[in-house]
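The listed protein sequences correspond, in order, to chains A and B.
In terms of my numbering, the first sequence has 284 at position 284, counting the first letter as 1, and numbering is strictly consecutive.
In terms of my numbering, the second sequence has 141 at position 141, counting the first letter as 1, and numbering is strictly consecutive.
Accompanying notes for the structure given below.
Number of protein chains: 2
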Amino acid sequence: MGELGLIEQIRSRFSARGRGVALGIGDDCAILRPPAGHEVLVTTDFSLENRHFRRELHPAKSVGHRCLVRGLSDLTAMGATPVAAFLSLALPGDFLKARKGQRWVAGFFEGLHLLAEQSGTTLAGGDTSESPADLIFADIVLIGSAPRGRSLRRSGARAGDEIYVTGALGGAHAELSALLGLGRAARAGAAGHPHLYPEPRLGVGAELMRRGMATAAIDLSDGVSTDLAHLCEASGVGAEVEEGAIPLHPLTKRLGRKKALDAALNGGEDYELLFTARAGARVPGRIAGVAITRIGTIRKRNARVPRVVIRGAAGEVRELMPAGWQHFSS
Amino acid sequence: MGELGLIEQIRSRFSARGRGVALGIGDDCAILRPPAGHEVLVTTDFSLENRHFRRELHPAKSVGHRCLVRGLSDLTAMGATPVAAFLSLALPGDFLKARKGQRWVAGFFEGLHLLAEQSGTTLAGGDTSESPADLIFADIVLIGSAPRGRSLRRSGARAGDEIYVTGALGGAHAELSALLGLGRAARAGAAGHPHLYPEPRLGVGAELMRRGMATAAIDLSDGVSTDLAHLCEASGVGAEVEEGAIPLHPLTKRLGRKKALDAALNGGEDYELLFTARAGARVPGRIAGVAITRIGTIRKRNARVPRVVIRGAAGEVRELMPAGWQHFSS
């Protein structure tokens, strides 16, 4: 199967032309037609073997799912509706000649396809290449739309706003730890697979935008400590998080309290949303079926105090250092 | 310099907010606002070390230029105006710690920046990562816009239409051959650097769309033989090319007539445009300052004749096999 064979397989699988896609795979460009009066939101994410996934550890289906979830979560954090995805995929030279490689590609597209269908995203194009190394590289672009001027941003938080998160935190890190220990995925229990198959909070983002309830929002891809710092920087404010308020994912229980909290604050890849709302806003306990938990308060920026602090059970306050994963850091 | 340092460098360099970009680097997504009544065109292209460029052969500035030119050329072929680019860039782990790596990154962004400025493209986001190999990987997304329903497509050619190309062909292949022979770039002469610094035909594509003159169009990234076959397939037609009409790039002269023709038909990466127009259309000899040459005619598809044929000087007709570069082919 050459490159054209692969493109043909992708095209036939994703041929249904979705809402907002006037021309998909097969010309020099794809053509999108977002609703009139909408602005266009764009985000891109690498999925590089041995950096974002391991072939022996992650099922191909999970790699396809995770590849798409990162961009969907970014769109969601801004309240946008997904329109189209564009996938660039480089595979090792002999990969498609062997049954194993063909199975991998089939599994990858199965994971991608299921989540694309669930989220109303059309795979509308991309690029393919032979990889220059024995490694799989993917890069995905997600394009969404939102009514003009209504997209949620990181920069709208003001002192006094309350800080909320969706769902529970630390599950992705806890499942990854177990995965690294076992060398394979555990069976799916009630706690699900927050690392292998995280769920993007599509309904929540859209609802927050519709209700005009959030003053700022960001998705938790790097962890609360890092992502809340990003939101505070963009808004020119500080924040105080309450340790006891952090909703811990059931999978973190086996880690013990200290490590569970670390997973929740710094683990990253939970793909929950963090948002702020005015102090008086009536934020419901659930939005689109997902639990909403208040975890702290936005403070006026004070140069003598760390930008983001956390208040422990005994009332002591310490700095919450951004400790999420940073590429290129030494 | 960590990832944030690199992002900061990119952001400061490209901070000017361009036409159509409401929010650039620094949030979960970028926000684009194409003109009212426009549709959105999207194309993505890999630039992988040892596959699309070689670090010892291509100046970093050329890699940055070529990275952007591929998508610009795709937009141009559909008559679209560039709006924004999104760059995903993975660099080897220690790359930014050494002077050499820092110089490479600076050169890469210089090449990208110059062409972005010339073409009115804003770098509005992307992703960065440590490369999992000692190789540089880039993937770029280009987003443009065109009045709704006016984009040029591959599928509009009809029997009797004439086939045209812009500029001259084979120059990119000829310069690459010289580059591989010398191990370094020759000095720029009047013939320019069609391989290292190809010029996207932005003005031509926009003008063809504005005048409604082209029935179909494609950019010559893989070579006439492959790209004309794509256009014919999409249009459900055949084509006859006249060998003597092919405009040969001055750099092909040293190759001899046979190899020069081969470079022009199969070499690829010239990033000229190929388009079709009704037989009676008054197609000028130059559009936006670029020479336009008629090279053949669209024919009715006949299953007993090869889809694309070429007529030699003596009038003999032979099949023009798609011989452009295909990834994954054995």
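We put the CB at the ideal spot given by N, CA and C, even for glycine.
C-alpha gap between residue i and residue j, whole angstroms
i                  : j                  : result
Thr-215 of chain B : Ala-157 of chain B : 5 angstroms
Ser-62 of chain B  : Met-213 of chain A : 47 angstroms
Gly-236 of chain A : Ser-155 of chain A : 8 angstroms
Ser-329 of chain A : Leu-57 of chain B  : In this prediction, Ser-329 of chain A scores a pLDDT of 36, lower than 50, which makes its location untrustworthy; no coordinate-derived value is stated.
Leu-202 of chain A : Gly-296 of chain B : 51 angstroms
Leu-179 of chain A : Thr-252 of chain A : 13 angstroms
Phe-109 of chain A : Val-309 of chain B : 37 angstroms
His-327 of chain B : Val-317 of chain A : Its pLDDT being 40, under 50, His-327 of chain B is placed unreliably by the model, and the measurement read from it follows with that caveat. C-alpha separation (whole angstroms): 57 angstroms.
Ala-245 of chain A : Gly-192 of chain A : 22 angstroms
Ala-314 of chain B : Glu-242 of chain B : 11 angstroms
Ser-88 of chain A  : Val-141 of chain B : 10 angstroms
Val-305 of chain B : Ala-159 of chain B : 14 angstroms
Val-283 of chain B : Leu-68 of chain B  : 29 angstroms
Ala-260 of chain B : Gly-285 of chain B : 23 angstroms
Gly-126 of chain B : Gly-280 of chain B : 45 angstroms
Val-21 of chain B  : Arg-148 of chain B : 19 angstroms
Asp-45 of chain A  : Gly-312 of chain A : 35 angstroms
Ile-10 of chain A  : Pro-92 of chain A  : 18 angstroms
Val-83 of chain B  : Thr-122 of chain B : 6 angstroms
Phe-95 of chain B  : Glu-49 of chain A  : 19 angstroms
Leu-152 of chain B : Gly-71 of chain A  : 29 angstroms
Cys-232 of chain A : Arg-307 of chain A : 8 angstroms
Ala-77 of chain B  : Leu-169 of chain A : 47 angstroms
Pro-34 of chain B  : Leu-75 of chain B  : 14 angstroms
Ile-287 of chain A : Glu-162 of chain A : 16 angstroms
Glu-8 of chain A   : Gly-26 of chain A  : 9 angstroms
Residues that residue i contacts on chain A, provided the C-beta gap is smaller than 8 angstroms
i                  : result
Gly-79 of chain B  : Residues of chain A passing the Cβ test: none, with the nearest at roughly 10 angstroms.
Asp-219 of chain B : Asp-28
Ala-60 of chain B  : Ordered by position in chain A, no residue passes the 8 angstroms Cβ test against Ala-60 of chain B, which lies about 17 angstroms from the chain.
Pick from the options that is closest to residue i, judged by C-alpha positions
i                  : options                                    : result
Ala-303 of chain B : B:Glu-319, B:Lys-259, B:Leu-112            : B:Glu-319
Ala-291 of chain B : B:Val-165, B:Leu-208, B:Met-321, B:Thr-276 : B:Val-165
Gly-24 of chain A  : A:Thr-43, A:Arg-286, A:Glu-233, A:Ala-124  : A:Ala-124
Pro-198 of chain B : B:Leu-96, B:Val-21, B:Leu-115              : B:Leu-115
Gly-223 of chain B : B:Gly-256, B:Arg-187, B:Asp-262, B:Lys-258 : B:Asp-262
Ile-143 of chain B : A:Leu-176, A:Asp-219, A:Ile-31, A:Leu-273  : A:Ile-31
Ala-239 of chain B : B:Thr-128, B:Thr-226, B:Asn-50             : B:Thr-226
Pro-322 of chain B : B:Gln-118, B:Leu-274, B:Gly-267, B:Arg-66  : B:Gly-267
Tyr-271 of chain A : A:Gly-171, A:Val-42, A:Trp-104             : A:Gly-171
Ser-119 of chain B : B:Ala-80, B:Arg-278, B:Trp-104, B:Arg-150  : B:Ala-80
Leu-228 of chain B : B:Arg-299, B:Arg-211, B:His-113, B:Leu-196 : B:Arg-299
Arg-19 of chain B  : B:Gly-167, B:Ala-85, B:Gly-26, B:Leu-265   : B:Ala-85
Arg-257 of chain B : B:Ala-174, B:Cys-232, B:Leu-220            : B:Ala-174
Gly-189 of chain B : B:Ile-136, B:His-249, B:Leu-255            : B:His-249
Thr-43 of chain A  : B:Arg-103, B:Gly-183, B:Asp-139            : B:Asp-139
Pro-59 of chain B  : B:Thr-293, B:Glu-39, B:Ile-136, B:Trp-104  : B:Trp-104
Gly-181 of chain A : A:Leu-255, A:Gly-167, A:Ala-36, A:Ala-90   : A:Leu-255
Ala-277 of chain A : A:Ala-217, A:Gly-107, A:Ala-264, A:Glu-269 : A:Ala-217
Arg-150 of chain B : B:Asp-219, B:Arg-99, B:Glu-162, B:Leu-208  : B:Leu-208
Residue-level contact to chain B via CB, residue i, 9 angstroms cutoff
i                  : result
Phe-46 of chain A  : yes
Ser-225 of chain A : no
Asp-262 of chain A : no
Glu-39 of chain A  : yes
Arg-148 of chain A : yes
Ala-234 of chain A : yes
Beta-carbon neighbours of residue i, restricted to chain B and to distances below 7 angstroms
i                  : result
Phe-86 of chain A  : Val-42, Thr-44, Val-141
Gly-192 of chain A : Result: empty, since nearest Cβ-Cβ is about 24 angstroms, beyond 7 angstroms.
Leu-75 of chain A  : Cys-29
CB contact below 9 angstroms: residue i versus chain A
i                  : result
Pro-247 of chain B : no
Leu-23 of chain B  : yes
Asp-270 of chain B : no
Asp-161 of chain B : no
Arg-361 of chain B : There is no way to answer for residue 361 of chain B, as the model of chain B reaches only from 1 to 330.
Gly-374 of chain B : The question about residue 374 of chain B has no answer here: the residues shown for chain B are numbered 1 through 330.
Gly-144 of chain B : yes
Ala-36 of chain B  : yes
Proximal chain A residues relative to residue i, where beta-carbon distance stays under 7 angstroms
i                  : result
Pro-132 of chain B : Leu-48, Glu-49, Asn-50, Arg-51, Leu-135
Ser-129 of chain B : Phe-46, Leu-48, Arg-51, His-327
Chain-ordered chain B contacts of residue i [CB-CB under 9 angstroms]
i                  : result
Gly-203 of chain A : Those do not exist, as Gly-203 of chain A stays about 17 angstroms from chain B at its closest Cβ, beyond 9 angstroms.
Arg-153 of chain A : Leu-23, Asp-27, Asp-28, Ile-31
Residue i: contacting residues in chain A (beta-carbon distance under 9 angstroms)
i                  : result
Gly-156 of chain B : Near Gly-156 of chain B there are no residues of chain A at all, since even the closest Cβ is about 11 angstroms away, more than 9 angstroms.
Arg-99 of chain B  : Under the 9 angstroms cutoff, chain A gives no residues; its nearest Cβ is about 16 angstroms from Arg-99 of chain B.
Proximal chain B residues relative to residue i, where beta-carbon distance stays under 8 angstroms
i                  : result
Gly-125 of chain A : Val-42, Thr-43, Thr-44
Curious, which full-length beta strand (DSSP E) runs of at least 3 residues does the stretch 23 to 82 of chain A contain? For the stretch 23 to 82 of chain A, the continuous beta strand (DSSP E) assignments of 3+ residues that do not extend past its boundaries occur at 30 to 32, 38 to 48, in sequence order.
Runs of alpha helix (DSSP H) wholly within the stretch 86 to 134 of chain A (minimum 4 residues, chain order): The qualifying runs are 99 to 119.
At 4 residues or longer, what runs of the alpha helix (DSSP H) sit wholly inside the stretch 249 to 330 of chain A? List check, alpha helix (DSSP H) in window: 257 to 266.
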